[in-house]
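Participant: Position one of the sequence shown corresponds to residue 452 (our numbering), numbered consecutively onward. Cβ atoms here follow ideal geometry from the backbone N, Cα and C, with glycine treated the same way.
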Amino acid sequence: KLLRRFDPVLWEGDEKKLVKTRPIMERLAESIDKLLPGTPLPSEKKLEKLLDSLVDDCAFIQKSLPAVLPVSQVRHITGWAVHSSAGDHKTVIIDAAERMPIASRNALLKFLEEPPPDTTAILITDRKSMLLPTIISRLRDYSFKNRSSSEEAEVLRRVFREDDKRWGGLVAYFRAWRNGPSEIMQGTASLFIDHASSGNPIFPKEVSDIRDQLDLVAFLEALSTELQKRWRDSEVPDHKRAAMEIEWLREARIRTESLNMPVPLILRGLYSAMGTR
């Protein structure tokens, strides 16, 4: 999946941006070939070294990816779908579709208004409300329920060979690869709320580790989880306040993913808003 995001079609005209990444991608592809089903595995020591190298290479090329889908890549996808061989069915999958900037959304809308023949576009999102209504109206909606706790535990054990008791679920497991243990991010979110709601003008220094968009998105999710916990535990729920907090988080996410505003500016604005009464 990661290597597909470096398909030459997507990077046409921007090949220079991949000069440092290309050798790593080639090495990564060769390493994956050694792990294909039916291929004899190397010795345990060599296998461990190979897997460590795979993780490092994936982390390296991940940094070369844009935080959001650029409009140029949407246009390249359109050109590929229109001009590729007739009779060949084409499938386009856009993950985290709600994170597309405005220009990319508009380009995608044009693609959906006049879709090329033999083409299927699949948009994946866990925040349908953040997609343009005009985009939603041109799609067929499929909803998938979340896995149960027992199903997530089974995936952790059987697919990832992890101790399911160590993790709170798949979300916590995946987030740990990016941000460290979820307890740390959750603790930072709790501290952020405590400082802001007390009217403390001093910005928590722990939040300074949140530097880029991916970190900020994970932090906003941790904030949402912490706020929901506090709403549930409150003896006298303040529904008006809860609605305001939901709106502040929504605005922060839009500023992050659509307007591409600087992370420190978004955090300061959210901190100030949560300090109001």
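Drop a sphere of 10 angstroms on the beta-carbon of residue 670, count the other beta-carbons inside from all chains shown, and report buried for 16 or more, exposed for fewer.
Facilitator: Your numbering for residue 670 matches position 219 in the sequence shown. Flag for residue 670 reads buried.
Participant: Please state whether DSSP places residue 453 in a helix, a strand or coil.
Facilitator: To locate residue 453, count along the sequence shown from 1; it is residue 2. Assigned with DSSP and collapsed to three states, residue 453 falls in coil, not helix or strand.
Participant: Could you name the residues that DSSP lists as bridge partners for residue 483?
Facilitator: Mapped onto the sequence shown, residue 483 falls at position 32. None; residue 483 has no bridge partner.
Participant: Is the Cβ-Cβ distance between residue 523 and residue 472 less than 8 Å?
Facilitator: As a first step, residue 523 must be located in the sequence shown, where it is residue number 72. As a first step, residue 472 must be located in the sequence shown, where it is residue number 21. Not closer than 8 Å, so no.
Participant: Which one of 674, 643, 532 and 599 has the shortest CA to CA distance from residue 569?
Facilitator: The sequence position of residue 569 within the sequence shown is 118, counting from 1. Nearest of 674, 643, 532 and 599 to residue 569, Cα basis: 532.
Participant: Using three-state DSSP, classify residue 543 as helix, strand or coil.
Facilitator: Within the sequence shown, numbered from 1, the residue matching residue 543 stands at position 92. Three-state DSSP puts residue 543 in a strand.
Participant: Give me whichever residues DSSP pairs with residue 570 in a beta bridge.
Facilitator: Start at 1 with the first residue of the sequence shown, and residue 570 comes out as number 119. Answer by DSSP bridge pairing, in chain order: 541.
Participant: Tell me whether the beta-carbon of residue 648 lies closer than 8 Å to the beta-carbon of residue 726.
Facilitator: The count along the sequence shown starts at 1 and reaches residue 648 at position 197. The count along the sequence shown starts at 1 and reaches residue 726 at position 275. Yes; because the gap between Cβ atoms is below 8 Å, this pair is in contact.
Participant: How close, in whole Å, do the beta carbons of residue 506 and residue 528 come, if the pair is a contact with beta carbons under 8 Å?
Facilitator: Translated into positions along the sequence shown, residue 506 becomes position 55. Translated into positions along the sequence shown, residue 528 becomes position 77. Their Cβ separation, rounded to whole angstroms, is 29 Å, which puts residue 506 and residue 528 out of contact at 8 Å.
Participant: Hey, could you find the ends of the alpha helix (DSSP H) residue 528 is sitting in?
Facilitator: As a position in the sequence shown, residue 528 is number 77, starting the count at 1. Its alpha helix (DSSP H) spans residues 522-534.
Participant: Thinking C-alpha only, which one of 698, 644 and 625 is nearest residue 665?
Facilitator: One-based indexing of the sequence shown puts residue 665 at position 214. The shortest C-alpha separation from residue 665 is found at 625.
Participant: Report yes if the CB atom of residue 520 is closer than 8 Å to the CB atom of residue 545, and no otherwise.
Facilitator: As a working note, residue 520 is residue 69 in the sequence shown. As a working note, residue 545 is residue 94 in the sequence shown. Going by C-beta atoms, residue 520 is nearer than 8 Å to residue 545.
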